[in-house]
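Reviewing the structure listed below.
Residue numbers (this note's numbering): 26 to 604.
Structure representation (structure tokens):
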């Protein structure tokens, strides 16, 4: 009976998995074919308006998803590089007559917004114009749209200019209530990332650096608006303090916008910017795929753009995580490719593992002996993010980039009180040596804390020495601007942590000059995971899931529980697929 049941189960699972695979492939290739045909048909007519909506996420790098077109929500991210290149392409495309900015919120980091803003200003040098419309403007959407030749607002709209604020959530008392002690060892009086676990409010040093940082950002924002709208900075600050921009009428009266109308009324205004009465529009995501007709020779020279994006971990790494292998392997690959003439390391990271940061730093030292390395900083290049950048031949950042944070800390939680007093759970331990159970289910001794502090002090000393070598500075000076302190890109240039203000393509231009090449093509590393391989691996996982059920005989509860554990683990490993 069990034998027949086993055969039937195998046959059934095979049929089900085959049907699932067939249906998925049918839908996939049918939709893909339609999409590719549509993509081939994308064309730009004369008198076309490029419509840019940045409410969709703008990211440093996104995973290639060949079925993202099935999702019509518009939430699929777009890469910063594609936004910048599309604006540059529109500048030289005679069919594009103007750019139409249409969004209330910008789903991007401030440094990213700064790069897009700079590129839009450059677009206007072509003689073409930019107009903006929104139902309302957030602070950062208005910062970006303030460069427009004409700014329009919904009759019920407003501009949410209110200034910059930064808040920190503190967990110290909560952790104490549930019996968790956080044992902190840090080097750097401004290294405030640990304070939420040890304090109930900002320390003086943390408050000072946060205040100066947001003041730099606020100054950047008001200066930009002042320059574009011809409004005195002092007046902008007064308008912010009085919350005067709370109605469309006030926004127009105070010269922050040009006119008040509904979006359907904007169509007549668009015709004023074109010699034709017939206006066509194309959205940014479609325009990314449009290629200009001018044929260019494919160069053998390469500039490698290596994306160091996300937190730095001791894992292997991925598109949004800097791991032990991804960036080091990319540096080696670029170094060994004789056609790669220069490297741009794009850093967008708040830091993380000191060990992984050091491994990447070491690889930059080896690589720069053979090829120039230019660093381009995104929204963040702090702590480990700055560590991996400091040895570069030249460092670019935007004025709003958060950088520095040259410091080290360690957090070791102690759950003993939680286990003993809250959960009535106790541990009895046998050790071979005096400190075998260090960092386990008890607090650290003073001797152990001193040993950890020695290690952290050594890492910090190593950190400032490497910054000093890379930036040609005195170690005492690096220590004075270090201590875990974060700086805006504006201040970072003043104190020597970076060389030049500029974005990704400014760094690429610098790499071209240093490499002394006239023409080049870009390659991006680490290479993205093949999307088809990823999909089929998930399909294969569904077959394994069905086979897993077949391989169990439910003789007793123990086997049943074992099955549940394995199924749960498979769900966790393939969460995207099973969702």
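Don't be surprised by glycine CBs; every beta carbon is placed ideally from N, CA and C.
- In the three-state reduction of the DSSP assignment, residue 103 falls in the strand class, which pools E and B.
- The alpha-carbon separation between residue 345 and residue 274 amounts to approximately 43 angstroms.
- The alpha-carbon separation between residue 376 and residue 430 amounts to approximately 9 angstroms.
- In the DSSP assignment, residue 505 falls outside any beta strand (DSSP E) and within the unbroken alpha helix (DSSP H) covering 500 to 506.
- Rounded to the nearest whole angstrom, the C-alpha separation of residue 448 and residue 194 is 26 angstroms.
- Cβ contact annotation for residue 551 (same chain, cutoff 6 angstroms, sequence separation greater than five): 351 and 355, in chain order.
- Here residue 371 is bridged, per DSSP, to 332 and 401.
- Measuring C-alpha to C-alpha distances from residue 199 to each of 209, 221, 211 and 181 identifies 221 as the nearest.
- Inter-segment contact for the stretch 165 to 176 and the stretch 134 to 147 is present: three or more beta-carbon pairs are separated by less than 8 angstroms.
- The DSSP-derived three-state label of residue 407 is strand.
- DSSP assignment within the stretch 251 to 290 yields the following whole alpha helix (DSSP H) runs of 4 residues or more, N-terminal first: 258 to 266 and 273 to 278.
- Below 8 angstroms, enough C-beta pairs join the stretch 115 to 128 and the stretch 67 to 82 to call them touching: three or more.
- At a Cβ-Cβ threshold of 8 angstroms, residue 197 and residue 225 count as neighbours.
- Per DSSP, reduced to three states, the secondary structure at residue 221 is helical.
- Remark: C-beta atoms of residue 427 and residue 405 approach each other more closely than 8 angstroms.
- Within the DSSP secondary-structure output, residue 125 pairs in a beta bridge with 76 and 156.
- Going by beta carbons, residue 415 and residue 496 fall inside the 8 angstroms limit.
- A residue is called buried once 16 or more other Cβ atoms fall within 10 Å of its Cβ, and residue 397 is buried on that count.
- Residue nearest to residue 424 within the set 295, 538, 543 and 238 is 238 (criterion: CA-CA distance).
- In this structure, residue 432 places its C-beta atom within 8 angstroms of the C-beta atom of residue 215.
- A residue is called buried when at least 16 other Cβ atoms come within 10 angstroms of its Cβ; residue 522 meets this threshold and is buried.
- DSSP places residue 496 inside the alpha helix (DSSP H), whose first and last residues are 471 to 496.
- A Cβ-Cβ contact shorter than 8 angstroms links residue 250 with residue 256.
- Counting C-beta pairs closer than 8 angstroms gives three or more between the stretch 499 to 512 and the stretch 201 to 214, which meets the contact rule.
- A straight line joining the alpha-carbon of residue 314 with that of residue 189 spans about 37 angstroms.
- Counting along the chain, residue 138 sits inside the alpha helix (DSSP H) bounded by residues 135 to 148.
- Taking residue 543 as reference, the option from 367, 389, 504 and 485 with the minimal CA-CA separation is 367.
- Of the residues 527, 304 and 536, the one whose Cα lies closest to the Cα of residue 399 is 536.
- Residue 323 is positioned such that its CB atom lies no closer than 8 angstroms to that of residue 333.
- Here the alpha carbons of residue 114 and residue 293 stand approximately 26 angstroms from one another.
- When secondary structure is reduced to three states using DSSP, residue 71 falls in the coil class, being assigned neither helix nor strand.
- The beta carbons of residue 529 and residue 401 sit closer together than 8 angstroms.
- Under the DSSP definition of a beta bridge, residue 306 partners with 74.
- Distances from the alpha-carbon of residue 545 to those of 471, 328 and 516 put 328 closest.
- Boundaries for residue 212: no alpha helix (DSSP H) harbours it, while the beta strand (DSSP E) harbouring it runs 206 to 212, taken from the DSSP string.
- For residue 421, there is no enclosing alpha helix (DSSP H); the residue is found in the beta strand (DSSP E) stretching over 419 to 422.
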